[in-house]
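Using the UniProt record's numbering, read the sequence shown as starting at 1 and increasing by one per residue. For each residue, glycine too, the CB sits at the ideal point set by N, CA and C. Computed from a predicted model, the values in this text were never measured in an experiment. Worksheet: one structure, shown below.
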Amino acid sequence: MPKYCWAPNCSNTAGRLGADNRPVSFYKFPLKDGPRLQAWLRHMGCEHWVPSCHQHLCSEHFTPSCFQWRWGVRYLRPDAVPSIFSGTPPAKRQRIPRSNKKPGVPAPPQEATSLSPGPAITTPGPVHLVMLEPASGDPEARATMFLTPLIISPAPIGPRPGVPYQHPRAGLGSALGALQRRVQRLQQRQERHQAQLRALEELGQQLCRESLLTLVRRNLLHSVSAT
1 MPKYCWAPNC SNTAGRLGAD NRPVSFYKFP LKDGPRLQAW LRHMGCEHWV PSCHQHLCSE
61 HFTPSCFQWR WGVRYLRPDA VPSIFSGTPP AKRQRIPRSN KKPGVPAPPQ EATSLSPGPA
121 ITTPGPVHLV MLEPASGDPE ARATMFLTPL IISPAPIGPR PGVPYQHPRA GLGSALGALQ
181 RRVQRLQQRQ ERHQAQLRAL EELGQQLCRE SLLTLVRRNL LHSVSAT
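This is the structure:
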């Protein structure tokens with residue numbers, strides 16, 4: 001996320017050179033140090049502004065004594081307070097945005113020449129310049145200029161032509177239906193396995209009974225032949 005300075009009338013951004021011909025550095029507001037934060041805001045002239053952890057001040061608002069250098073890197077001292085700010089009217093100082101969004105760069109003023117006396121008509125956005133050639137063929141004849149606003153049709157909201165519209169819940173419904181069908185298949189497979197197990201148990205019990213009957217018959221035949 002690009003860094004930029006939130007001080008009034010300061011437009012420094014990351015990569016810009018400062019007054020000492022060094023890249024401008026940025027420092028967060030001391031949100032955890034209440035007295036020091038109030039000192040920062042008081043020097044800025046924004047006592048009632050509440051900064052966030054994503055907002056910074058650039059090094060151009062601190063005196064050289066506020067920094068300490070270690071291995072060629074500039075660090076801000078723990079007790080440093082910014083004191084270099086350009087004078088701004090109080091009405092403008094209170095108009096600092098509280099959001100984290102960078103305010104849009106204002107468009108350069110456009111010079112408009114009124115063709116006839118009366119109030120100036122401002123047209124938003126770019127304009128088309130139409131030059132009308134003089135009908136008399138005289139090169140010194142004055143041409144007339146018309147400024148017409150460029151009307152850009154907004155993008156249509158909704159499905160595009162030729163593309164079928166699909167409700168966001170339609171995908172969820174199809175996925176839920178697929179899961180339900182899979183659960184049903186698993187339940188049917190489990191029922192078949194249980195039926196096979198019951199059949200095997202019954203077959204085992206039947207074999208046990210038949211083997212017992214065979215053993216009893218052999219014992220009876222053996223006892224009869226012995227007598």
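{"Asked": "Count the C-beta pairs between the stretch 63-73 and the stretch 8-16 that are closer than 8 Å, then say yes if the count reaches three, no if not.", "Found": "no"}
{"Asked": "Alpha carbons only, please: which of H61, L179, D20 is nearest the one belonging to W40?", "Found": "H61"}
{"Asked": "Could you tell me which whole alpha helix (DSSP H) segments of length 4 or greater appear in the stretch 31-65?", "Found": "34-44"}
{"Asked": "List the endpoints of the continuous beta strand (DSSP E) containing K28.", "Found": "26-28"}
{"Asked": "Between the Cα of V81 and the Cα atoms of R198, C53, K28, R22, which residue gives the shortest distance?", "Found": "K28"}
{"Asked": "If you follow the beta strand (DSSP E) that V73 is part of, which residue opens it and which one closes it?", "Found": "73-76"}
{"Asked": "Compute the Euclidean distance between the alpha carbons of F26 and L57, then round it to the nearest angstrom.", "Found": "6 Å"}
{"Asked": "When you compare each of Y4, R185, R182, P23 to G72 by their alpha carbons, which one comes out closest?", "Found": "P23"}
{"Asked": "How is the beta strand (DSSP E) around F67 delimited, first residue to last?", "Found": "67-70"}
{"Asked": "P78 and M44: beta carbons closer than 8 Å?", "Found": "no"}
{"Asked": "May I have the straight-line CA-CA distance separating Q190 from R198, to the nearest angstrom?", "Found": "12 Å"}
{"Asked": "Measuring straight from C-alpha to C-alpha, what distance separates I84 and L31?", "Found": "20 Å"}
{"Asked": "For P64, is the classification buried or exposed, using 16 other Cβ atoms within 10 angstroms of its Cβ as the cut-off for buried?", "Found": "exposed"}
{"Asked": "Does C208 come out as helix, strand or coil in the three-state DSSP assignment?", "Found": "helix"}
{"Asked": "What does the Cβ neighbour count give for P51, buried or exposed, with the cut at 16 atoms within 10 Å?", "Found": "buried"}
{"Asked": "Identify, in the order they occur along the chain, each residue of the same chain with its Cβ nearer than 7 Å to the Cβ of V216, setting aside the five sequence neighbours on each side.", "Found": "none"}
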